[in-house]
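Data block below; observations after.
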Amino acid sequence: EAGVTQFPSHSVIEKGQTVTLRCDPISGHDNLYWYRRVMGKEIKFLLHFVKESKQDESGMPNNRFLAERTGGTYSTLKVQPAELEDSGVYFCASSHANRGGYGYTFGSGTRLTVV
Amino acid sequence: AQSVTQLDSQVPVFEEAPVELRCNYSSSVSVYLFWYVQYPNQGLQLLLKYLSGSTLVKGINGFEAEFNKSQTSFHLRKPSVHISDTAEYFCAVRPNTGNQFYFGTGTSLTVIP
Numbered sequence: 060e061a062g063v064t065q066f067p068s069h070s071v072i073e074k075g076q077t078v079t080l081r082c083d084p085i086s087g088h089d090n091l092y093w094y095r096r097v098m099g100k101e102i103k104f105l106l107h108f109v110k111e112s113k114q115d116e117s118g119m120p121n122n123r124f125l126a127e128r129t130g131g132t133y134s135t136l137k138v139q140p141a142e143l144e145d146s147g148v149y150f151c152a153s154s155h156a157n158r159g160g161y162g163y164t165f166g167s168g169t170r171l172t173v174v
Numbered sequence: 007a008q009s010v011t012q013l014d015s016q017v018p019v020f021e022e023a024p025v026e027l028r029c030n031y032s033s034s035v036s037v038y039l040f041w042y043v044q045y046p047n048q049g050l051q052l053l054l055k056y057l058s059g060s061t062l063v064k065g066i067n068g069f070e071a072e073f074n075k076s077q078t079s080f081h082l083r084k085p086s087v088h089i090s091d092t093a094e095y096f097c098a099v100r101p102n103t104g105n106q107f108y109f110g111t112g113t114s115l116t117v118i119p
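Here the protein sequences come in this chain order: A and B.
Okay, so the first sequence: first residue is 60 according to the numbering used here, each after it adds one.
Okay, so the second sequence: first residue is 7 according to the numbering used here, each after it adds one.
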């Protein structure tokens, strides 16, 4: 089966601009997660979708971040306006509903650089 | 609350030598334990996991880890490393009643020829 796909792999934008990251989960996976790793820090949870509903968005840093999952398929994470501290690697993961969260499949990540 | 500590940010080791990457965790609830690896320009790949049962778990590529509940540790070991093991390794926990992972800051393993 195809894995979790993330677009773009790299993005360099100026402070104040808008960027949209996309994640295509494994087909049939109801759970979709976003994580972020800021340089040198741990990978941190951002939010969790079950189908199209936000199950947990406790990790979203502020209201400049907007995540959507229309139709319960792919998800987008928009940062508007981007700030320097938003730089990092954004990971997406998905898992099957009946397997809970312990068996995620992660994507390759999007490396975002805000200059 | 949960936290994961990987004390070694960088570990250089010569090819064919053994290696141990240390991981300690703190949690107020029962957790599952994981090691993930990220090779250059690739995503996070599951190396191994401890859910229950035997405290010694074996993973892919010859890696193994031992869960020590009293010391709240889950150290990763390999008896003989290869150049291809050069990567970043992440220890993680997940509460057994939740979906969120908590990761350590990662250990960069460099295998020297």
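Beta carbons: idealized from backbone N, C-alpha and C, even for Gly.
- Candidates B:Leu57, B:Tyr56, B:Phe40 and B:Ser58: closest to leucine 50 of chain B by CA position: B:Phe40
- Message: Suppose you measure from the CA of glutamine 8 of chain B to the CA of glutamate 21 of chain B; what does that come to, to the nearest Å?
- Response: 35 Å
- Message: Quick check on DSSP: helix, strand or coil for glycine 65 of chain B?
- Response: coil
- Coarse secondary structure for leucine 13 of chain B, derived from DSSP in three states: coil
- Could you spell out where the beta strand (DSSP E) holding leucine 54 of chain B opens and where it closes? 50-56
- Message: Pull the bridge partners of asparagine 105 of chain B from the DSSP assignment, please.
- Response: Per DSSP, none; premise fails for asparagine 105 of chain B.
- Residues in its own chain within less than 8 Å of tyrosine 133 of chain A by CB, not counting five upstream and five downstream? Arg81, Cys82, Asp83 and Pro84
- Item | Close-in-space but distant-in-sequence residues of the same chain around leucine 125 of chain A (CB under 6 Å, 5 per side omitted) | Lys137
- Message: Along the chain, where does the beta strand (DSSP E) containing arginine 170 of chain A start, and where does it finish?
- Response: 169-173
- Message: Applying the 10 Å Cβ sphere with the 16-neighbour rule, what's the burial state of glutamine 16 of chain B?
- Response: exposed
- Message: Between the alpha carbons of serine 141 of chain A and proline 120 of chain A, how many angstroms are there, rounded?
- Response: One detail in the question is off: residue 141 of chain A reads as alanine in this sequence, not serine. Taking the straight line from one Cα to the other gives about 12 Å.
- Message: Can you give me the C-alpha to C-alpha distance between aspartate 14 of chain B and glycine 110 of chain B, rounded to a whole angstrom?
- Response: 11 Å
- With 9 Å as the C-beta to C-beta threshold (strictly closer), list the residues of the region 51-75 of chain B near chain A in chain order. Gln51, Leu52, Lys55 and Leu57
- Message: Here's the rule: buried if 16 or more other CB atoms are within 10 angstroms of the residue's CB, otherwise exposed. What is histidine 88 of chain A?
- Response: buried
- Output the distance between the C-alpha atoms of glycine 160 of chain A and glycine 104 of chain B, rounded to the nearest integer angstrom. Here glycine 160 of chain A scores only 46 on pLDDT, less than 50, and its place in the model is too uncertain to base an answer on.
- Query: Is isoleucine 85 of chain A helix, strand or coil when you go by DSSP?
  - Reply: coil
- Item | Neighbourhood of aspartate 145 of chain A by C-beta, 7 Å cutoff - its chain only, sequence neighbours within 5 removed | Val138, Leu171 and Val173
- From lysine 55 of chain B to alanine 98 of chain B, what distance separates their C-alpha atoms? 9 Å
- Counted within 10 angstroms of its Cβ, other Cβ atoms place histidine 107 of chain A as buried (16 or more) or exposed: buried
- Item | glycine 130 of chain A in three-state terms, based on DSSP | helix
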